[in-house]
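Beneath this line is the structure, given in structure tokens, with notes to follow.
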Amino acid sequence: MVSVTLLIAIAYLAFAGGTHLSFHPPKVDKLNVDDKLNLTVTIHDIKKPFEHVIWSTESEPSHILSAELSSVQCQGRINISCNGTLQVEGLFLGFGKVFILEKNVTSRKERKLKPHLEVVVVRQDKVINKVFTAFVATIVTINYINMGCALDIGVVKKVLRR
């Protein structure tokens with residue numbers, strides 16, 4: 001029974017392997033707003049005739065980031081692999097995903113390749129942010145003292161360091 005299950009699993013992997021891709025780096029943890037980052041995309045094991053395929057990108061949500069795939073070059077005859085450059089731009093604060101789409105020109109079908117690229121768009125760290133935080137902490141501290149509350153200075157320092 002185990003050998004039959006193993007044989008079925010091997011046959012499934014041989015026929016359903018399909019196209020997959022990889023990103024370098026595999027995840028973008030900190031992309032500043034209005035910054036652009038170039039990544040390398042490798043699309044492996046293309047078994048279809050790729051003359052009829054157009055590679056494109058889709059980003060979700062589109063108001064947080066945009067992505068553009070350019071300069072895709074393919075190599076090989078049997079197991080074709082393609083390399084390309086993906087440019088990701090942070091538009092607004094938040095989390096997003098970038099998908100590579102495989103569009104077949106003749107059948108007009110498209111599918112999202114897996115895995116997707118996860119991107120975190122953050123605000124650039126500026127001096128004014130730290131000044132504002134210190135100002136608010138000072139005002140709150142003075143307000144507590146004026147109301148007669150005792151402050152635990154150790155806790156205040158720990159919170160401000162975060």
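Quick note, in full-length UniProt numbering, the sequence shown goes up one by one and the last residue is 162. Beta carbons: idealized from backbone N, C-alpha and C, even for Gly. If you're wondering where the values come from, they're calculated on a predicted model, not measured in any experiment.
**Request:** Would you kindly work out how many angstroms separate the C-alpha atoms of residue 42 and residue 71, rounded to a whole number?
**Result:** Locating residue 42 in the sequence shown gives position 42, where the first residue counts as 1. Locating residue 71 in the sequence shown gives position 71, where the first residue counts as 1. Their backbone Cα atoms lie some 12 Å apart in a straight line.
**Prompt:** Beta carbon of residue 68, beta carbon of residue 101: below 8 Å?
**Reply:** Numbered from 1 along the sequence shown, position 68 holds the residue referred to as residue 68. Numbered from 1 along the sequence shown, position 101 holds the residue referred to as residue 101. Contact flag unset, no.
**For residue 111, the first and last residue of its enclosing beta strand (DSSP E)** = Within the sequence shown, the letter at position 111 stands for residue 111. 110 to 112 is the extent of the beta strand (DSSP E) around residue 111.
**Request:** Please name the residue, chosen from 119, 76 and 111, that lies closest to residue 92 on a Cα-to-Cα basis.
**Result:** Translated into positions along the sequence shown, residue 92 becomes position 92. Answer by Cα proximity: 119.
**Prompt:** What whole-angstrom Cβ distance do residue 88 and residue 31 have, given they're in contact under 8 Å?
**Reply:** The residue given as residue 88 occupies position 88 in the sequence shown. The residue given as residue 31 occupies position 31 in the sequence shown. 7 Å between Cβ atoms; contact.
**Message:** I'd like to check one pair, residue 34 with residue 90: are the Cβ atoms closer than 8 Å?
**Reply:** To locate residue 90, count along the sequence shown from 1; it is residue 90. To locate residue 34, count along the sequence shown from 1; it is residue 34. For residue 90 and residue 34, yes; Cβs fall inside 8 Å.
**Asked** Which first and last residues belong to the beta strand (DSSP E) in which residue 40 is found?
**Response** One-based indexing of the sequence shown puts residue 40 at position 40. Where residue 40 is concerned, the enclosing beta strand (DSSP E) stretches over 36 to 46.
**Request:** State buried or exposed for residue 19, treating a residue as buried only when at least 16 other CB atoms are found within 10 Å of its CB.
**Result:** Within the sequence shown, the letter at position 19 stands for residue 19. Flag for residue 19 reads buried.
**Request:** Might you give, ordered along the chain, the residues of its own chain that have their beta carbon closer than 8 Å to the beta carbon of residue 97, omitting 5 neighbours on each side?
**Result:** Numbered from its first residue, the sequence shown carries residue 97 at position 97. So the list reads 59, 60, 116, 117, 118 and 119, once near-sequence residues are dropped.
**Separation of residue 76 from residue 84, as counted between CA atoms** = Along the sequence shown, read from residue 1 onward, the residue named residue 84 stands at position 84. Along the sequence shown, read from residue 1 onward, the residue named residue 76 stands at position 76. Approximately 15 Å, taken between the alpha carbons.
**Request:** Determine the DSSP secondary structure at residue 64, reduced to helix, strand or coil.
**Result:** Sequence index remark: in the sequence shown, residue 64 carries index 64 (1-based). Reduced to three states, the DSSP call for residue 64 is coil.
**Prompt:** At a cut-off of 7 Å, is residue 140 close to the ligand HEM when judged by its beta-carbon and the heavy atoms of the ligand?
**Reply:** For the structure depicted, the ligand HEM is absent and the ligand set is empty, with no information on it obtainable.
**Request:** Go to residue 27, then tell me how far its beta strand (DSSP E) extends in each direction, as first and last residue.
**Result:** In the sequence shown, the residue the question calls residue 27 occupies position 27. Start and end: 27 to 32.
**Message:** Bridge partners for residue 23 per DSSP, in chain order?
**Reply:** By 1-based counting over the sequence shown, the position of residue 23 is 23. Paired residue(s): 41.
**Item:** Backbone CA spacing between residue 39 and residue 144 [nearest angstrom]
**Value:** Locating residue 39 in the sequence shown gives position 39, where the first residue counts as 1. Locating residue 144 in the sequence shown gives position 144, where the first residue counts as 1. Taking the straight line from one Cα to the other gives about 50 Å.
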